[in-house]
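Worksheet: one structure, shown below.
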Amino acid sequence: MKLASVVAPRRMLQAFHVHGNKLICAASASPSPPSPAVSSSSFVCISSGTRPSSVALVVTSGVAGPSGGRRSYRSGSGRSSSSLLLGGAAMVRRKEVAVVSVAAAGLAVTARVVMGMLRRSHSDVSDGIKVRLKLSAADILRVADNIIATSTSVHDAVAAVPFDQVTYENVIAPLANLEAEEFALVQSCVFPALVSTSKEVRDASSEAEKRIDAYNVKCSMREDVYLVVKAFAEKKVPLSPQAQRFVDRLVRDYERLGLNLSADIRRKVEFLKTTIGELCIEFQQNMNEENQRLYFTESELAGLPADFIKELTRDSDGKLEINLKYPHYFPIMERCKVGSTRKAVAIAYDQRCMDENVTILEKVVAMRNAMAQLLGYRNHAEYAIATRMAKSPAKVKSFLENISNKISPLAKKELAKLEAMKREEEGDEPFGFQDFRYYIRKAEELEFKVDYETVKQYFPLNVVTAGLLQIYQDLLGLKFKEVAKPTVWHPEVHQYAVTDAETGERMGYFYLDLHPRDGKYTHACVCSLQPGCVQKDGTRQLPVAAMLANFTKPTAEKPSLLGHAEVETYFHEFGHVMHHICSRASFAKFSGLRVEEDFVEAPSQMLENWCLESASLKMMSGHYKDVDQPLPQDICEALMKKKRAYAGLLTKRQLLFGLFDQSIHMRDKADTAAILRDLTPKVMEGIPMLEGTNFSASFGHMAGGYDAAYYGYLWSEVFSAEMFETKFKGNVLSKVAGREYRDKVLAPGATKDAAVIIREFLGREPTQEAFLRSKGL
0 MKLASVVAPR RMLQAFHVHG NKLICAASAS PSPPSPAVSS SSFVCISSGT
50 RPSSVALVVT SGVAGPSGGR RSYRSGSGRS SSSLLLGGAA MVRRKEVAVV
100 SVAAAGLAVT ARVVMGMLRR SHSDVSDGIK VRLKLSAADI LRVADNIIAT
150 STSVHDAVAA VPFDQVTYEN VIAPLANLEA EEFALVQSCV FPALVSTSKE
200 VRDASSEAEK RIDAYNVKCS MREDVYLVVK AFAEKKVPLS PQAQRFVDRL
250 VRDYERLGLN LSADIRRKVE FLKTTIGELC IEFQQNMNEE NQRLYFTESE
300 LAGLPADFIK ELTRDSDGKL EINLKYPHYF PIMERCKVGS TRKAVAIAYD
350 QRCMDENVTI LEKVVAMRNA MAQLLGYRNH AEYAIATRMA KSPAKVKSFL
400 ENISNKISPL AKKELAKLEA MKREEEGDEP FGFQDFRYYI RKAEELEFKV
450 DYETVKQYFP LNVVTAGLLQ IYQDLLGLKF KEVAKPTVWH PEVHQYAVTD
500 AETGERMGYF YLDLHPRDGK YTHACVCSLQ PGCVQKDGTR QLPVAAMLAN
550 FTKPTAEKPS LLGHAEVETY FHEFGHVMHH ICSRASFAKF SGLRVEEDFV
600 EAPSQMLENW CLESASLKMM SGHYKDVDQP LPQDICEALM KKKRAYAGLL
650 TKRQLLFGLF DQSIHMRDKA DTAAILRDLT PKVMEGIPML EGTNFSASFG
700 HMAGGYDAAY YGYLWSEVFS AEMFETKFKG NVLSKVAGRE YRDKVLAPGA
750 TKDAAVIIRE FLGREPTQEA FLRSKGL
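First residue of the sequence shown: 0, per numbering that gives the first Met the number 0; consecutive thereafter.
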């Protein structure tokens, strides 16, 4: 859930994910050397924020500047500098200063409005946190409208600058400041859609997102602003590396939106972008609101632990009620002995939101491809991948097919073993998707002599959290302190302050929201709420992140107990939190998770290895009846051995998602059900999709910023395996290696290309060898 990313946020989630949310924005940084003219101090720094899963992408493309689109500069369009100088330069300068002053006033008013709302609702605010987490429905819409008005004023001011008077301070700094300053305000409006317990607030949040997204599209298509930015870029003023990268990205992103093309094409692109944004919000909202219930007799749930059955509610006929959220879905798919029950639940799971979201996704796919073709690309995949590490769909296709060919013999061998197990237990019933988790779990327990229900008893959530936080603190040289009276959106949420262990410098804040509830985002993801960056006064704006998960709630008899896979998810997602917090970028545009979509998962994927090493497993475990008893050594060794177990089939599953994503985004129209019917058995060694299902309806990545990017999970795994094997294998608690990782991989954020970050950390070019070894090849 790359918030996103993906988290990101680019639209996610990750994911989200899903892992990931990746999320975004930019803040100002001092160029070198400074230019004269209107001072950037005319702009009041408020805050900034990116959007999670369904929200993230648009933040970068609208209020704070453009994102996406093909670039080329059309010098003959728009205005000329001479037309702006009628009446004298002094008049122009007065007009410019006046507009800038109005923009600054708008920022100040927006800040005062939010602070006033804050004082009415709560008063305990941690230093440096500007995102507001408890706005009412009415306040959310009011702030959204203020954001739009303020952004319009700033962009008007930039557009008013004559071409021959462009400077960093009157063109670039205002846009960078705005991107950072409004980030947290935007998040204040859109984040509640993922977490609020109030449907009124969630609906207002979604409406605010639609308003902001629609404005973002219009703003990102402003040719007058683009021409001024382009005029500054062509002056080639000496700048610091990050400032130059920021200018280059502005120009690139404007031109990727077709600002070089005709007015007719730009109007079509604007319409398509607006509609795509609205549909993606609707897609994600449908997923968040999904609340289907299924009912089974106790015998139909045979194999489920007694404490699981005990916590289920019964209907008037005495049947047990289950939902399709993770705490119910995964135990049933892994432990229910009744094949018909597993199949019924699997079908319902892959039918989620089918009536609404299949149509939405197919419309979105058609519009994405139409927009890409308007911008000069053959399809959306070509457009989307152009700015990522892979650069082209051909390279992605080659990568995925190469991995598929190498992994197929292993996957076939694994599948034959599982099919034999099913025949022995259930007779001649064909093996299907409903059987994977159940028989993989059984096979692993038999082969590695490990009972996963026993393993769960050593992973109470509070013990895992304490150990996880300690590992990250030790590894990265940080200190976490829980905030005693946090301002949070739900009583179950915890807030932590982060400082550098050596210097005591405050690094940022993070929130943990770990249990499911109605209306909450249903997967796991990380949302950037505020980016780290250098503010106008030279101080750092603190990064703020929120991790969302859906771990089982504690009961009166037992604490929340995590399965080993959930521990891995927790460790992975928290890796995204640290990526965001440890970033030291000067511009928020390059903060934390803003790296290329096909690299953003790599840092967190690498950290999953800590869930397979005895030293770290013992730090995160303790039997719920006696927390001083860590996970036994024999179980630690069994978990490590099973790392490669069924890697073939699990990799094939990821390949199915990645190839489906590429397939739908390389054509004008996509019949998603037909594509899945054809693709699934080809990839999954003959296993067909479940009859009457279409998992694309709940494939949140496709509406959350991972469009034509899902391959990035496997692509990133290549780098994560290289980083772990080169620097940490056999030494996962090394503070020296951990600090190097923090400084060379996390701290740069997106200030460097991912390929450069990897090369500098490894000291060489990466290869696929470590990745293949990790799969048992």
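Every residue, glycine too, gets a C-beta built ideally from N, C-alpha and C.
Considering only their Cβ atoms, is the gap separating residue j from residue i smaller than 8 Å?
| i | j | result |
| --- | --- | --- |
| residue 466 | residue 597 | no |
| residue 132 | residue 488 | yes |
| residue 707 | residue 653 | no |
| residue 205 | residue 284 | yes |
| residue 150 | residue 181 | yes |
| residue 470 | residue 650 | no |
| residue 302 | residue 342 | no |
| residue 591 | residue 503 | no |
| residue 194 | residue 279 | no |
| residue 736 | residue 361 | no |
| residue 512 | residue 546 | yes |
| residue 323 | residue 300 | no |
| residue 432 | residue 417 | no |
| residue 526 | residue 190 | yes |
Who are the Cβ neighbours of residue i in its own chain at under 6 Å, not counting the five residues just before and after it?
| i | result |
| --- | --- |
| residue 619 | 463, 466 and 467 |
| residue 580 | 497, 506, 507 and 542 |
| residue 331 | 344 |
| residue 321 | 293 and 327 |
| residue 409 | 647 |
| residue 439 | 645 |
| residue 696 | 352, 353, 356 and 357 |
| residue 136 | 199, 200 and 203 |
Quick check: what's the CA-CA separation for residue i versus residue j?
| i | j | result |
| --- | --- | --- |
| residue 270 | residue 232 | 28 Å |
| residue 172 | residue 370 | 30 Å |
| residue 208 | residue 564 | 33 Å |
| residue 632 | residue 476 | 27 Å |
| residue 746 | residue 753 | 12 Å |
| residue 176 | residue 170 | 11 Å |
| residue 638 | residue 446 | 11 Å |
| residue 732 | residue 763 | 23 Å |
| residue 536 | residue 163 | 28 Å |
| residue 313 | residue 587 | 50 Å |
| residue 388 | residue 444 | 39 Å |
| residue 77 | residue 148 | With a pLDDT of 32 at residue 77, under the threshold of 50, the modelled position of that residue is not reliable, and the figure given next carries that caveat. Residue 77 and residue 148: Cα-Cα distance of roughly 24 Å. |
| residue 453 | residue 459 | 12 Å |
| residue 250 | residue 228 | 7 Å |
| residue 237 | residue 168 | 13 Å |
| residue 450 | residue 635 | 12 Å |
| residue 480 | residue 411 | 49 Å |
| residue 435 | residue 425 | 14 Å |
| residue 390 | residue 252 | 16 Å |
Going by DSSP, name the residue or residues bridged to residue i.
| i | result |
| --- | --- |
| residue 496 | 480 and 508 |
| residue 321 | 293 |
| residue 546 | 511 and 525 |
| residue 459 | 560 |
| residue 777 | In the structure as shown, the chain starts at 0 and stops at 776, and residue 777 therefore has no counterpart that could be examined. |
| residue 661 | Its beta-bridge partners do not exist; DSSP assigns none. |
| residue 540 | 532 |
| residue 141 | Note: residue 141 sits in no beta bridge, so no partner. |
| residue 313 | 319 |
Taking 8 Å as the limit between beta carbons, can you name the residues of its chain near residue i, skipping five residues before and five after?
| i | result |
| --- | --- |
| residue 306 | 554, 556 and 557 |
| residue 693 | 349, 350, 353, 357, 671, 672 and 675 |
| residue 765 | 717, 718, 721, 757 and 758 |
| residue 678 | 655, 658, 659 and 662 |
| residue 788 | Any question about residue 788 goes unanswered here, given that the chain covers just 0 to 776. |
Am I right that residue i and residue j are in contact with their C-beta atoms under 8 Å? What's the rounded C-beta distance?
| i | j | result |
| --- | --- | --- |
| residue 655 | residue 683 | 6 Å |
| residue 457 | residue 622 | 5 Å |
| residue 664 | residue 393 | Wrong, their Cβ atoms sit about 14 Å apart, outside the cutoff. |
Hey, is residue i close to the ligand HEM, as in C-beta under 7 Å from one of its heavy atoms?
| i | result |
| --- | --- |
| residue 294 | Looking for the ligand HEM in the displayed structure turns up nothing, as the structure carries no ligands at all. |
To which residues of the same chain is residue i closer than 7 Å at the C-beta, ignoring the five residues directly before and after it?
| i | result |
| --- | --- |
| residue 570 | 467, 606, 607, 609 and 610 |
| residue 567 | 607 and 610 |
| residue 552 | 514 and 559 |
| residue 499 | 476, 477 and 506 |
| residue 311 | 319, 320 and 321 |
| residue 577 | 471, 475 and 745 |
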